[in-house]
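Written out below as structure tokens is the structure these notes cover.
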Amino acid sequence: MDCKSLPIANLPFLSKLIKDYLLSNEQLKNFIPYPPTFESIPEVMKQRQLKPIQRQVLVEALTEQYQLVTIQHNVLKNIELLAQDTTFTVTTAHQPNILTGPNFFIIKIIETIGLCQRLKEKFPDNHFVPIFYMGCEDADIDELNNLTIFDKKLVWKTLQTGAVGRMRVDELLIKLIETYTQTIATTDEGKYLCNLMKSCYSLGETIQQANFKLVHELLGYLGIVVLIPDNAKLKRLFLPLIRAELEHLDSHRIVQETMTEFKYPIPTTGNDVNLFYLKEDQRLKINRIGAQFKIKNHPELYSLEQLLNLFESEPETISPNVVLRPLFQETILPNVIFVGGGGEMSYWLFLRNVFKHYQMPMPILKLRNSFGFIKEKHYFHWDKAGFSLQDLFLEEQNLIEIYLQKKYGELENFESIIEKQLHLGDMLQEKIQYYDSGLEEHINKLVHSWHQDVYKLEKKLRSNLKRKQIETLQHIQLILRTLLPQKTLQERVVNFGEFYTYLGKSMFIEILKQSTSLDTHFNLIRY
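Heads up: the sequence shown at position 1 corresponds to 110 in our numbering, and the numbers run straight through without jumps.
Pasting the structure below:
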């Protein structure tokens, strides 16, 4: 395997917000908690220690959670380290996509591991634990119920509702897994992954438990700690902030105020109450009506104390929405870096003032790396054609024109020929008009006919040149379809199993090698 890298700021489709973040634009100054550098880490650790978390509760919750599996040594060691005040976390988060969904699910988990290894080298007196925070309570099933592998889109058409993490593996999902495994069971690595998927996604298992087992079996040897935050013990730690929030609804007010000063697309408008009530197969919105609260589909109204008593007796029913979820995460974790994609960066930056209001320290926000995978035999043709890594992001037609110019030099300038034709037409008009002005229309038609013939000739020439280079041009198209399917990055579409089938765990190690910096790159791995 070999890897080529390109600073992600060079990619053409980054949003203005992300470009400004990478360039530390003055417009974002008030929203960036810390510069994303290792020099910021000591201050982040200091602020984090001023707001200590309930470490023993976190360790107890994780210990109970890991009774579901045979815990791997490096994971056990990391959970034990979390009890120490000198231990901090690097966290990434994602919803429980079935079978992990698109490849970046795996990529950003591995990046948290790489950053922890680098932090330990730089700050040997401290410990750093990589955390995968599973967003189990997301109810957007249409976003999480599908994956694409070897150009096949597989969709779990379940009728279950509510939080996806609490849904159960059913017969429909078992059938989907059969289709998935038939697709990849062509190598020893693919067969191993097939068996692993089947053992983790057993009938009746919750989706959050299945994903937890899968990530643990795949990456636990590297020390990643998977956290299922849908846990009564952990949610109880959030009750003091919940009380303050329900008394004053400050997050809603702050979000509305922030909308006027945030000079970028608004990622969320929030709700008057930024909480849901989570019960069985329902995730229900809570609204304030005067001085009382209404849970959707519940007939009764709740006073403030009644709602707080409900949460106190059943803390597992608390479900923060997108505005409060980051604060819940930072309430239960001693976090120094959060690794996320462009959308997540937007949310976290937008919520800076909510963090300030609740005096909750924010971590460094690290835009995750991007990775593409391509077979060496295909990329060979890209190199041979004289293209660079940056050229991947040009339009296909531009690439074809550039290649033809590389091959044949500048093509004849047909525009100059047409200009000469126009000049010749003017000369004819002037000459003929001397004898017969009635022939002007005929001359115009004649000149137009010349133009059409030249355009046809140019089109024919280009078609002939393309035909002569058809093999190379087909390889260019194949590479673009492979690395930019649906005109977006491969990692946002294709499931990791497509590459694991050929590479096994060496895929993870290569990603890890490129994931020890706070800079952000697009990395192309050739195998």
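We put the CB at the ideal spot given by N, CA and C, even for glycine.
Would you report the Cα separation of residue i and residue j, rounded to the nearest angstrom?
i: THR629; j: VAL431; result: 25 Å
i: ALA170; j: GLU485; result: 45 Å
i: LEU503; j: LEU633; result: 16 Å
i: ALA353; j: PRO472; result: 22 Å
i: LYS155; j: THR288; result: 50 Å
i: LYS372; j: GLN136; result: 7 Å
i: LEU177; j: CYS309; result: 11 Å
i: HIS77; j: LEU498; result: In the structure as shown, the chain starts at 110 and stops at 636, and residue 77 therefore has no counterpart that could be examined.
i: ILE180; j: LEU323; result: 12 Å
i: ILE375; j: THR295; result: 46 Å
i: THR292; j: PHE259; result: 8 Å
i: LYS344; j: PHE420; result: 9 Å
i: ASP390; j: LEU346; result: 24 Å
i: ARG601; j: ILE404; result: 35 Å
i: GLN599; j: ILE585; result: 16 Å
i: HIS236; j: PHE147; result: 15 Å
i: LEU474; j: PHE447; result: 5 Å
i: GLY613; j: HIS203; result: 23 Å
i: LYS596; j: PRO424; result: 43 Å
i: PHE122; j: HIS532; result: 44 Å
i: SER479; j: GLU505; result: 21 Å
i: TRP265; j: ASN212; result: 18 Å
i: LYS160; j: ASN119; result: 38 Å
i: ARG157; j: TYR488; result: 46 Å
i: LEU328; j: LYS128; result: 31 Å
i: GLN514; j: LYS569; result: 16 Å
Taking CB distances under 9 Å as the criterion, tell me whether residue i reaches chain C.
i: GLN506; result: Here there is only one protein chain, and chain C is not present.
Roughly how far, in whole angstroms, is the beta-carbon of residue i from the beta-carbon of residue j, given that I think they are within contact range, below 8 Å?
i: LEU263; j: LEU253; result: Incorrect: roughly 13 Å between the Cβ atoms, too far for contact.
i: THR196; j: PRO443; result: 7 Å
i: ILE207; j: LEU131; result: About 32 Å separates the two Cβ atoms, so there is no contact after all.
i: ILE637; j: VAL168; result: The chain is shown only over 110 to 636; residue 637 falls outside these bounds and no answer can be derived.
i: GLN578; j: LYS516; result: 6 Å
i: VAL653; j: ILE395; result: This structure does not reach residue 653, given that the chain is present from 110 up to 636, and the question cannot be answered.
i: ILE162; j: VAL445; result: Not confirmed; about 12 Å, so no contact.
i: LEU387; j: SER428; result: 4 Å
i: PHE605; j: ILE215; result: 5 Å
i: LEU416; j: LEU355; result: 6 Å
i: THR201; j: GLY449; result: 7 Å
i: MET306; j: TYR636; result: So it is not a contact: roughly 22 Å between Cβ atoms.
i: LEU384; j: LEU433; result: 7 Å
i: VAL184; j: GLY332; result: 6 Å
i: ASN462; j: THR367; result: 5 Å
i: ILE483; j: LEU592; result: 6 Å
For residue i, report the span of its alpha helix (DSSP H) as first-last.
i: ASP297; result: 297 to 309
i: ARG590; result: 579 to 592
i: ALA170; result: 164 to 174
i: GLN391; result: Premise fails: GLN391 lies in the beta strand (DSSP E), 391 to 398, not in any alpha helix (DSSP H).
i: LEU355; result: 348 to 357
i: LYS125; result: 125 to 131
i: ARG227; result: 213 to 231
i: LEU281; result: 280 to 293
i: LEU637; result: One cannot answer for residue 637 here, as it falls past the ends of the chain, which runs 110 to 636.
i: LEU343; result: 341 to 345
i: LEU336; result: Taken as a continuous stretch (DSSP letters only), LEU336 belongs to no alpha helix (DSSP H), being part of the beta strand (DSSP E) at 334 to 336.
i: LEU331; result: No alpha helix (DSSP H) contains LEU331, which DSSP labels as neither H nor E.
i: LYS155; result: 150 to 159
Looking at the unbroken beta strand (DSSP E) that takes in residue i, where does it start and where does it end?
i: LYS372; result: Careful: LYS372 lies outside any beta strand (DSSP E) and carries neither H nor E.
i: LYS388; result: 384 to 388
i: LEU633; result: 630 to 635
i: LEU612; result: That residue, LEU612, is in no beta strand (DSSP E); its alpha helix (DSSP H) goes 606 to 612.
i: LYS596; result: Looking at the DSSP string, LYS596 is not in any beta strand (DSSP E), and its letter there is neither H nor E.
i: VAL603; result: Premise fails: VAL603 is in no beta strand (DSSP E) and is neither H nor E.
i: SER114; result: 111 to 116
i: LEU323; result: Here LEU323 belongs to no beta strand (DSSP E); instead the alpha helix (DSSP H) covers 316 to 328.
For this session: Please specify which runs of the alpha helix (DSSP H), each continuous and at least 4 residues long, are wholly inside the region 457 to 515, giving them in chain order.
Result: Counting whole runs of 4 or more residues, the region 457 to 515 contains the alpha helix (DSSP H) stretches 461 to 466 and 485 to 493.
Problem set entry | Complete beta strand (DSSP E) runs within the region 405 to 456 (minimum length 3 residues, chain order) | If we require 3 residues or more, the beta strand (DSSP E) runs fully inside the region 405 to 456 come out as 427 to 429 and 444 to 449.
For this session: Quick one: which unbroken alpha helix (DSSP H) runs of 4-plus residues sit fully inside the region 174 to 203? Chain order, please.
Result: DSSP runs (the alpha helix (DSSP H)) wholly in the region 174 to 203: 182 to 190.
Exercise. Is the region 440 to 458 touching the region 130 to 148, taking contact as three or more C-beta pairs under 8 Å?
Worked result: Taking 8 Å as the limit for Cβ pairs, the verdict is that the region 130 to 148 does touch the region 440 to 458.
Exercise. Can you find at least 3 beta carbon pairs, one from the region 308 to 321 and one from the region 332 to 348, that sit closer than 8 Å?
Worked result: Of all C-beta pairs linking the region 308 to 321 to the region 332 to 348, three or more are shorter than 8 Å, placing the two stretches in contact.
For this session: Say whether the region 269 to 277 touches the region 235 to 250, bearing in mind that this needs 3 or more beta-carbon pairs closer than 8 Å, one atom from each stretch.
Result: Yes: at least three Cβ pairs fall under 8 Å.
For this session: List in chain order: all unbroken alpha helix (DSSP H) runs of 4+ residues lying wholly within the region 243 to 277.
Result: With a minimum length of 4 residues, the continuous alpha helix (DSSP H) runs that stay inside the region 243 to 277 are 250 to 253.
Exercise. Does the region 292 to 309 come close enough to the region 115 to 135 that 3 or more CB-CB pairs lie under 8 Å?
Worked result: No, they do not touch.
Exercise. Does the region 209 to 224 touch the region 617 to 626, meaning 3 or more C-beta pairs lie closer than 8 Å?
Worked result: The region 617 to 626, when compared against the region 209 to 224, does touch it at the 8 Å Cβ threshold.
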